[in-house]
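I have placed the structure first, in the form of structure tokens, so that the comments after it can refer back to it.
Shown next, in the form of structure tokens:
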């Protein structure tokens, strides 16, 4: 009887030991899958994100990974694709947008590294300076919550509008509008295409560059470079410590990328690392 009890105790001890060990280590099949992963799929908007990722390709190849770039022209699909596991990461957004997206879409996406800042600018084909902005002028802005608020911040800092306290400003929050400006809310990719129809538009730099607008030369106003809206690499929660993501982080924050941003964009885009 005593012999059986000792056998049982030994069996339980071994079992508990195995459970404890497995709790502190990755499952073997998960480790194998990570080690065998050689292609990293990243979603990005064309300019400058895809251009920066093209610089990253050979740097990643030297680390043993192939980079597959998937282009998008909107700000929703690439987040859904990462959340659903169709992409390993995306590169197009800033932290305030990501926080709002996670909140409204119930996604679990996280930032890994900051890469660059794209100062938002006000552009016009009808006026040469803000002094020419007439009473009742129409200004187009992005219609997603964070970028609209960011665009309206520019107008507020220039003294054109005043807003009540709000986490994200919209046209409904205007309390002072001495020039009776009309705010037209549109999808961000549409903004360069409506410049002939409005008096001015506040456009994200990636869409401005895609439309051959030079932020340094063409913008009547550029967002301050101390803006908190740095563009970031985003992955699904739980993947941020994967070896292939760490490799991607490292090359995105490399001196080669920093030098490329400085020489290619000449101040219209600045590194954020």
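Numbering (the working numbering), first residue to last: 25 to 297.
Think of the CB as a built atom: it goes at the ideal place given N, C-alpha and C, for glycine as much as any other residue.
Predicted model only: the values in this text are computed from it and were never measured.
>> According to DSSP, is residue 214 part of a helix, a strand, or is it coil?
In response: helix
>> In whole angstroms, give me the CA-to-CA distance for residue 210 and residue 126.
In response: 22 Å
> For residue 108, which three-state DSSP category applies?
Replying inline: coil
> If you check the beta carbons only, do residue 147 and residue 86 fall under 8 Å apart?
Replying inline: no
>> Please state whether the Cβ-Cβ distance between residue 252 and residue 231 is less than 8 Å.
In response: no
> Ends of the beta strand (DSSP E) at residue 171?
Replying inline: Careful: residue 171 lies outside any beta strand (DSSP E), inside the alpha helix (DSSP H) at 169-181.
> Given residue 292, which residues of its chain have a CB within under 6 Å of its CB, disregarding the five upstream and five downstream residues?
Replying inline: 239, 240
>> Could you check whether the region 59-69 touches the region 86-98, counting it as contact only if at least three pairs of C-beta atoms, one from each stretch, sit closer than 8 Å?
In response: yes
> Quick one, are the C-beta atoms of residue 161 and residue 224 less than 8 Å apart?
Replying inline: yes
> To the nearest angstrom, how far is it from the Cα of residue 274 to the Cα of residue 172?
Replying inline: 32 Å
> Taking the beta strand (DSSP E) that residue 326 falls in, what are its first and last residues?
Replying inline: Beyond the ends of the chain as shown, which are 25 and 297, falls residue 326; an answer cannot be given.
> Around the Cβ of residue 45, are there at least 16 other Cβ atoms within 10 angstroms (buried) or fewer (exposed)?
Replying inline: Because residue 45 carries a pLDDT of 41, less than 50, the predicted location of this residue cannot be relied on, and no value is offered for it.
>> Less than 8 Å between the beta carbons of residue 256 and residue 145, yes or no?
In response: no
> What is the DSSP secondary structure of residue 219, counted as helix, strand or coil?
Replying inline: coil
>> Less than 6 Å between C-beta atoms, sequence neighbours within five positions excluded: which residues of the same chain meet that for residue 234?
In response: 70, 71
> Roughly how many whole angstroms lie between the Cα atoms of residue 159 and residue 203?
Replying inline: 5 Å
>> Between residue 259 and residue 113, how many whole angstroms is the CB-CB distance? I'm expecting something under 8 Å.
In response: 5 Å
> Of all the alpha helix (DSSP H) runs that stay within the bounds of the region 192-276, which reach a length of 4 or more residues?
Replying inline: 229-234, 239-242, 267-276
> How big is the Cα-Cα spacing for residue 79 and residue 281?
Replying inline: 7 Å
> With residue 107 and residue 135 assumed to form a contact (beta carbons below 8 Å), what rounded beta-carbon distance in angstroms separates them?
Replying inline: The pair is not a contact, with the Cβ atoms about 14 Å apart (cut-off 8 Å).
> Where does residue 158 sit, in a helix, a strand or coil, going by DSSP?
Replying inline: coil
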